[in-house]
Amino acid sequence: MFDDPNLVSSAGLVPVMALAERAGLAGLAEQHVRPGGRCGVNARMKVPGIVAGMAGGADSIDDLDVLRHGAMPEVFAGIRAPSTLGSFLRSFTWGNVMQLEKVSREFLAALAGLAPLLPGKDAVAFVDIGSARKRVYGHGKQGAGFGHAKVQGKSLLLRGLSVLAASVSTPAGAPVIAAARLRGGSAASARGAASFAAEAVRSARAAGCSGIVIVRADSAFYSAAFTRAVRRAGAFFSVTVVMNPHVQAAISTIPASAWIPVRYPRAVWDDQAGRWVSDAEIAEVPYTAFASKGNGQAITARLIVRRVRDLNPKAAEGQGELFTAWRYHAVFTDSPFILAQAETRHRGHAQCEQVFADLFDGPLAHLPSGHFAANAAWLTCAAISHNLLRAAGALASPALGKARGATLRRDLISLAARIARHGRGHITIHLPEGWHRQHDWLNLFAAACGPPPRTA
181 MFDDPNLVSS AGLVPVMALA ERAGLAGLAE QHVRPGGRCG VNARMKVPGI
231 VAGMAGGADS IDDLDVLRHG AMPEVFAGIR APSTLGSFLR SFTWGNVMQL
281 EKVSREFLAA LAGLAPLLPG KDAVAFVDIG SARKRVYGHG KQGAGFGHAK
331 VQGKSLLLRG LSVLAASVST PAGAPVIAAA RLRGGSAASA RGAASFAAEA
381 VRSARAAGCS GIVIVRADSA FYSAAFTRAV RRAGAFFSVT VVMNPHVQAA
431 ISTIPASAWI PVRYPRAVWD DQAGRWVSDA EIAEVPYTAF ASKGNGQAIT
481 ARLIVRRVRD LNPKAAEGQG ELFTAWRYHA VFTDSPFILA QAETRHRGHA
531 QCEQVFADLF DGPLAHLPSG HFAANAAWLT CAAISHNLLR AAGALASPAL
581 GKARGATLRR DLISLAARIA RHGRGHITIH LPEGWHRQHD WLNLFAAACG
631 PPPRTA
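Residues in the sequence shown are numbered from 181 upward in steps of one, following the numbering used here.
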């Protein structure tokens with residue numbers, strides 16, 4: 181029977197939201213977010229409420245009701261109904277979304293000071309920029325349009341909205357979201373990417389990335405505006421290049437003696453050949469890009485090229501090759517790394533795909549409103565929730581610091597508990613005996629709910 185008022189199903193929200201409070205989420209929302217209308221008030225309570233619901237597994241506005249059951253009102257003050265939170269989101273304008281994005285950036289910087297996010301960030305950090313199409317089906321979705329997306333290796337025209345995101349990671353740390361922005365469904369991948377990249381670099385610097393910062397992106401972002409914006413922001417760029425005649429001419433000047441054979445410890449998937457590749461050759465040549473645009477937009481940097489043997493599919497039938505054929509993959513970069521390191525590091529730019537998979541498997545499973553600005557605010561709240569869970573996992577244990585959001589929700593948050601009240605408002609949380617993540621949960625609780633760390 182559903183008759184016990186002293187139970188909660190998501191006891192892990194106690195230390196997680198205590199961490200959010202310590203990082204100043206409520207204060208930042210109150211300071212920066214000011215939607216108009218009678219439903220746009222009290223952002224101090226409503227923004228953390230939406231983030232808490234997402235951390236608890238909500239992927240739609242109705243699911244935010246997960247906070248209102250059992251003894252949850254005893255543990256958390258100011259819980260709002262889903263209808264109230266939905267009206268709050270619908271009161272947003274695009275300017276209010278920009279205010280919420282500022283909250284997200286400052287909140288990430290605060291979390292980086294409280295949790296061991298991005299280990300090694302004082303040496304090198306990577307900002308990975310990518311776009312993804314979130315399919316929508318309702319006829320009333322503002323901004324929805326048709327755009328190209330690759331599904332299982334095939335380019336399809338899908339109706340949806342475009343999500344532009346930038347993640348920050350280190351070789352030893354899992355990615356956090358530095359910036360996220362919702363765009364119309366027909367928007368090209370590179371639309372607004374130059375200013376977005378500069379914003380992501382500033383966010384990474386604010387989070388403590390004081391060393392080398394390299395911005396990685398695929399060929400959709402190969403443009404003079406993008407690379408110049410990255411340089412002006414004080415970072416290095418590493419962008420995949422489309423094989424055009426100018427690039428092919430530059431590759432043809434590479435002497436045969438300059439190619440260095442490499443063998444990958446982990447095979448690389450080749451889309452063109454449809455197979456895994458372990459052996460390749462790499463080389464580099466100076467290259468001046470965007471010279472035809474004029475107005476001083478030409479940029480001279482390194483063109484790093486990887487070539488793979490194009491195997492003859494009929495070789496097994498006795499038809500040998502007359503000469504060696506190669507497929508080329510080029511990267512335009514001003515990376516300070518040596519050739520082998522620069523080529524290997526660039527292939528890690530698919531890190532942003534892991535972030536998209538994490539979001540689409542969590543709070544971004546839906547874009548729940550018909551209003552474009554409300555969906556954009558929902559995306560920003562999802563980014564805040566992602567970073568909060570990432571910080572909570574890093575405080576719990578090194579293994580959970582790299583875990584997916586679904587794993588963190590299962591092991592740290594979706595934990596049933598019984599509430600016991602004592603004199604003068606004291607509450608004790610009784611958790612199940614023998615929980616497999618007991619030690620990690622207590623680490624998180626001590627870090628988030630214990631005394632604040634001493635400052636030097």
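The beta-carbon is built from N, C-alpha and C at its ideal position, and this holds for glycine as well.
Consult DSSP for residue i and reduce its assignment to one of helix, strand or coil.
i: Pro215; result: coil
i: Ser595; result: Correcting the residue type first, residue 595 is Leu in the shown sequence and not Ser. Leu595: coil per DSSP, three-state reduction.
i: Pro441; result: strand
i: Leu187; result: strand
i: Thr608; result: strand
i: Ala198; result: helix
i: Trp506; result: strand
i: Pro355; result: strand
i: Leu362; result: strand
i: Thr637; result: The shown model of the chain, from 181 to 636, leaves out residue 637, and the question about it has no answer.
i: Phe470; result: coil
i: Asp153; result: There is no way to answer for residue 153, as the model of the chain reaches only from 181 to 636.
i: Thr350; result: strand
i: Ile241; result: coil
i: Phe256; result: coil
i: Gly275; result: helix
i: Ala295; result: coil
i: Cys629; result: helix
i: Ala203; result: coil
i: Arg601; result: strand
i: Arg412; result: helix
i: Lys226; result: helix
i: Cys532; result: helix
i: His616; result: coil
i: Phe376; result: helix
i: Lys282; result: helix
i: Arg637; result: Any answer about residue 637 is impossible in this case: the structure gives the chain only from 181 up to 636.
i: Phe517; result: coil
i: Phe268; result: helix
So, under 8 Å CB-CB, residue i and residue j are touching, yes? Tell me the CB distance rounded to an integer number of Å.
i: Ser342; j: Arg363; result: 4 Å
i: Val231; j: Asn276; result: Wrong, their Cβ atoms sit about 16 Å apart, outside the cutoff.
i: Val442; j: Ile462; result: 6 Å
i: Ala373; j: Val535; result: About 16 Å; that fails the 8 Å criterion.
i: Ala543; j: Met234; result: Per the sequence shown, the amino acid found at residue 543 is Pro instead of Ala. At roughly 4 Å, the Cβ-Cβ gap stays under 8 Å, so Pro543 and Met234 are in contact.
i: Leu539; j: Ala562; result: 6 Å
i: Ala545; j: Asp239; result: 4 Å
i: Leu547; j: Pro195; result: With a Cβ gap of about 29 Å, Leu547 and Pro195 do not count as contacting.
Can the beta-carbon of residue i be found less than 9 Å from the beta-carbon of residue j?
i: Ile431; j: Leu483; result: yes
i: Arg412; j: Ala378; result: yes
i: Leu269; j: Ser472; result: no
i: Ala358; j: Arg408; result: no
i: Pro355; j: Asp308; result: yes
i: Ile564; j: Leu205; result: yes
i: Ala481; j: Trp274; result: no
i: Leu288; j: Ala387; result: yes
i: Leu291; j: Leu199; result: yes
i: Ala556; j: Phe272; result: yes
i: Gly192; j: Ile593; result: yes
i: Leu580; j: Arg617; result: yes
i: Arg202; j: Leu294; result: yes
i: Arg584; j: Asp541; result: yes
i: Arg486; j: Ala469; result: no
i: Glu281; j: Ala384; result: no
Quickly, what does DSSP pair residue i with across the bridge? List them, please.
i: Lys582; result: Looking at the DSSP assignment, Lys582 forms no beta bridge with any residue, so it has no partner.
i: Ile484; result: Glu464, Val511
i: Arg396; result: Asp308, Ser418
i: Ser342; result: Arg313, Arg363
i: Ser335; result: Lys330
i: Ile479; result: Ala469
i: Arg489; result: Trp506
i: Gly320; result: Its beta-bridge partners do not exist; DSSP assigns none.
i: Gly638; result: Past the boundaries of the shown model lies residue 638; the chain is included only from 181 to 636, so the question cannot be answered.
Check whether the stretch 567-576 and the stretch 588-596 are in contact - that is, three or more C-beta pairs closer than 8 Å.
Yes: at least three Cβ pairs fall under 8 Å.
The stretch 296-309 / the stretch 342-353 touching (three or more Cβ pairs under 8 Å)
Yes, they touch.
Examine the Cβ distances between the stretch 388-402 and the stretch 607-624 and report whether three or more of them are shorter than 8 Å.
Contact between the stretch 388-402 and the stretch 607-624 is absent, because fewer than three Cβ pairs lie under 8 Å.
Cβ contact (3+ pairs, closer than 8 Å) linking the stretch 399-411 and the stretch 518-526:
Judged by pairs of C-beta atoms under 8 Å, the stretch 399-411 does not touch the stretch 518-526, as fewer than three such pairs exist.
Tell me whether the stretch 507-516 and the stretch 410-426 touch, counting them as touching only if at least three CB pairs, one residue from each stretch, are closer than 8 Å.
Yes: the two stretches touch, three or more of their Cβ pairs being nearer than 8 Å.
Whether or not the stretch 321-330 and the stretch 592-601 are in contact is what I'm after, with contact meaning three or more pairs of Cβ atoms, one per stretch, closer than 8 Å; do they touch?
Two segments are said to touch when three or more pairs of C-beta atoms, one from each, lie closer than 8 Å; by this definition the stretch 592-601 does not touch the stretch 321-330.
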